[in-house]
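Peer 1:
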Amino acid sequence: MMTMKTISLDLIPELTANQKEIDRNVQAGRSAVISWAGLTRKSSGRVSEYLKRQGFDPEVIPKVIDSLKEDRTIDDERLARKIIQQRRDRQQESRLALASRLANMGIDSVVIEDVLASEHPFELDQQSAASVFHQRFGHLFNELKAQQDQLDALDFKRKCAQLSGKAARFLSTRGFSESIIVDTLRQAGLMTDGFE
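Residue numbers for the sequence shown follow our numbering, beginning at -11 and rising by one.
#1: By alpha-carbon positions, which one of Lys51, Ser31 and Gln80 ends up nearest to Ile10?
#2: Can you tell me whether DSSP reads Glu107 as helix, strand or coil?
#3: Since I believe Ser31 is in contact with Met93 (beta carbons under 8 Å), could you give me their beta-carbon distance rounded to a whole number of angstroms?
#4: Suppose the cutoff is 7 Å on Cβ atoms and the five residues either side in sequence are ignored; what does the same chain contact list for Leu67 look like?
#5: Closest by CA to Ser165, which one among Phe144, Leu112 and Gln74?
#6: Closer than 8 Å by C-beta to Asp102: which residues in its own chain qualify, once you throw out the five before and the five after it? Chain order, please.
#7: In whole angstroms, what is the alpha-carbon distance linking Asp89 and Asp140?
#8: If you run the structure through DSSP and keep just helix, strand and coil, what is Ile62?
#9: Tell me the residue span of the alpha helix (DSSP H) that contains Lys147.
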């Protein structure tokens, strides 16, 4: 169970009336965020937006966020790692798509770069694209290869072009670059001269 930080500001004689008011607002902001978020993890960006919508003073919002980060109620790094972990296997995405997803969730850009550097380096995109291709289209490709002897060469190439187009569109929705998509399809044997 999460405990609230409470300090009787009246017991601190060094604080001015203005500082005491700011600290009360920070505590009110903390309470509002904890009530709103409940047990779910929210990013610092989403918390900031929530506090703005609730009418908190823009000067108080960063202090509320810092206070919540201090006791790990807000942990952008942990949230980013969790999202990246969830997007593995059948939901794999490119590094660019993951960065966009995390930014849209309100995670700090410095945290995004740090987490992606360790969890999803650039070199992993080619491997991820190949994995997504084989999971999503591997069975179709194997069926097509099994039919190769029964199809004439032109019909086989046409079906390869159709499958490669479908796979390329799907991989692009996952944020993979054109060069990675072409390499993935070429390695799978779907791209031949004249059909790229």
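Each residue gets a CB set at the ideal place from its N, CA and C atoms; glycine is no exception.
Peer 2: The answer reads as follows:
#1: For the purposes of this step, residue 10 is identified with residue 22 of the sequence shown, where counting begins at 1. Cα-wise, what sits closest to Ile10 is Lys51.
#2: Stepping through the sequence shown from its first residue, residue 107 is reached at position 119. The answer is helix: DSSP assigns Glu107 an H, G or I state.
#3: Counting from one through the sequence shown, the residue named residue 93 turns up at place 105. Counting from one through the sequence shown, the residue named residue 31 turns up at place 43. About 5 Å separates the two Cβ atoms, so the contact holds.
#4: Here the question's residue 67 lines up with position 79 in the sequence shown. Within the same chain, Leu67 has close Cβ partners Arg29, Ser31 and Ile95.
#5: Along the sequence shown, one-based indexing puts residue 165 at 177. Ser165 has its Cα closest to that of Leu112, out of Phe144, Leu112 and Gln74.
#6: Here residue 102 corresponds to residue number 114 of the sequence shown, with the count starting at 1. Within the same chain, Cβ atoms closer than 8 Å to the Cβ of Asp102 are found at Glu65, the five residues on either side in sequence being excluded.
#7: In the sequence shown, residue 89 corresponds to position 101, counting from 1. In the sequence shown, residue 140 corresponds to position 152, counting from 1. Looking at the sequence shown, residue 89 is not Asp but Arg. So the alpha carbons of these two residues sit roughly 44 Å apart.
#8: Within the sequence shown, numbered from 1, the residue matching residue 62 stands at position 74. Ile62 falls in the coil class under three-state DSSP.
#9: Your numbering for residue 147 matches position 159 in the sequence shown. Lys147 -> alpha helix (DSSP H) spans Ala141 to Thr161.
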